[in-house]
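Residue numbers (UniProt numbering): 1 to 347.
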């Protein structure tokens, strides 16, 4: 008769590794509070024996799973793809999975998804992307953080500023103010003085990049003409319409700073449709450095945002030591000069 091999247990791993069962449990749960040599020995023993952690048992025992919840407004755009790729790559290296859900911009749906992930004892929940920052937002995030902490999980904010009321909530963001500043400074150094800024109404990322636009003007000793700040939707079509109407109204400008590359695409369309030469008559710069930016005609000058690295760092904050003091990261940005910007016309 053929005998079926019994499943390898945690006690088996402990016996072969020469440590206690509690030490094995801590190591495999990612709570590496023992020597690194012991961690490696336990991990290698578990691998050699083919031991598989039972996530349902871990949750029933009051622990957390190794799943990371990833909540985003909508699943489209290169920024989302790169950020999700970074989270997934880092999580995979650490033996974790990510569970992606969309909030559709609905706070009630967001709250329900956070509750669902808390009930499933996700290791952490990452909230991704810009938000409308006000007192209600701060209260909502604090409520999420407290609920997750109560079950041994944690909240991580990616692409959002830290919470003023909860400094212990981890966050990773890129320097949006610097992005707006360096893009505007590039145009000012080329000699532009009438720079139209195409932005999005009421969102944290847009507000910070607009602040950088204003700061660059102030640093150069130049006033900002608020008539040149056009607020609209986050779509290329919306910006195309804004810029088209500005041209029709006779608004005088020699450059466009678009808060995102998506908006820059809309600006390029509007200028091209109006017969405006780029960059000979009007320069255009974006922010993000989407994968298509270099393929536009002309190739888009922009500011590179390290979205994939943001995802990796967010995953590290999810799965890292709970007592870490390095909870807030701001990643650097980089100006990428291509062919859509030049000095303004002399006449």
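In this text, a Cβ means the ideal position worked out from N, Cα and C, and glycines have one as well.
Please read all numbers here as calculations on a predicted model, not as lab measurements.
- Its Cα nearest to that of residue 240, the residue 262 stands out among 262, 253 and 222.
- If the five residues before and after residue 272 are omitted, its C-beta is found closer than 8 Å to the C-beta atoms of 278, all from its own chain and listed in chain order.
- Taking one beta carbon from each stretch, the stretch 280-290 and the stretch 136-144 have fewer than 3 pairs nearer than 8 Å; the two do not touch.
- Residue 69 is bridged by DSSP to 99 and 125.
- Secondary structure at residue 329: strand, using DSSP grouped into helix, strand and coil.
- One alpha carbon belongs to residue 235, the other to residue 9, and they sit about 54 Å apart.
- Judged by DSSP in its simplified three-state form, residue 301 adopts strand.
- Taking the Cα of residue 280 as reference, the smallest distance to any Cα among 342, 253 and 251 is reached at 342.
- Counting the other Cβ atoms within 10 Å of the Cβ of residue 160 gives 16 or more, which makes it buried.
- DSSP, reduced to helix, strand and coil, places residue 221 outside both helices and strands of the structure shown, so it counts as coil.
- Within the same chain, and ignoring the five residues on either side of residue 339 in sequence, the residues whose Cβ sits closer than 6 Å to its Cβ are 298 and 299.
- Secondary structure remark: continuous alpha helix (DSSP H) runs of at least 4 residues inside the stretch 191-272, in chain order: 204-219 and 236-248.
- Just so you know, the alpha carbons of residue 266 and residue 180 end up roughly 18 Å apart.
- Here DSSP, grouped into helix, strand and coil, assigns residue 174 to strand.
- With contacts defined by Cβ atoms closer than 8 Å, residue 172 and residue 331 form a contacting pair.
- Residue range 283-285 is occupied by the beta strand (DSSP E) that includes residue 285.
- Under the DSSP assignment, residue 156 falls in the beta strand (DSSP E) whose first and last residues are 155-158.
- Here residue 91 really is in contact with residue 315; their C-beta atoms are around 5 Å apart, less than 8 Å.
- DSSP places residue 169 outside both helix and strand once states are collapsed to three, so it counts as coil.
- Within the DSSP bridge table, the entry for residue 334 names 304 as partners.
- Put simply, the backbone Cα of residue 116 is about 11 Å away from that of residue 125.
- Residue 178 counts as buried, since at least 16 other C-beta atoms from the protein chains shown sit within 10 angstroms of its C-beta.
- Taking 8 Å as the cut-off, the beta carbon of residue 206 is found closer than this to the beta carbon of residue 130.
- Listed in chain order, the non-local C-beta contacts of residue 295 below 6 Å within the same chain number zero, local neighbours out to five positions each way being set aside.
- Residue environment for residue 157: buried (at least 16 other C-beta atoms within 10 angstroms of its C-beta).
- Per DSSP, the unbroken alpha helix (DSSP H) holding residue 86 starts and ends at 78-93.
- Apart from sequence neighbours up to five positions away, the residues of its chain that approach residue 306 with a beta-carbon distance below 6 Å are 331, ordered along the chain.
- Here the C-alpha atom of residue 13 lies approximately 9 Å from the C-alpha atom of residue 19.
- Under DSSP, residue 288 shares a beta bridge with 304.
- When the Cα atoms are used, residue 345 and residue 304 turn out to be separated by approximately 27 Å.
- Within the same chain, Cβ atoms closer than 7 Å to the Cβ of residue 291 are found at 78, the five residues on either side in sequence being excluded.
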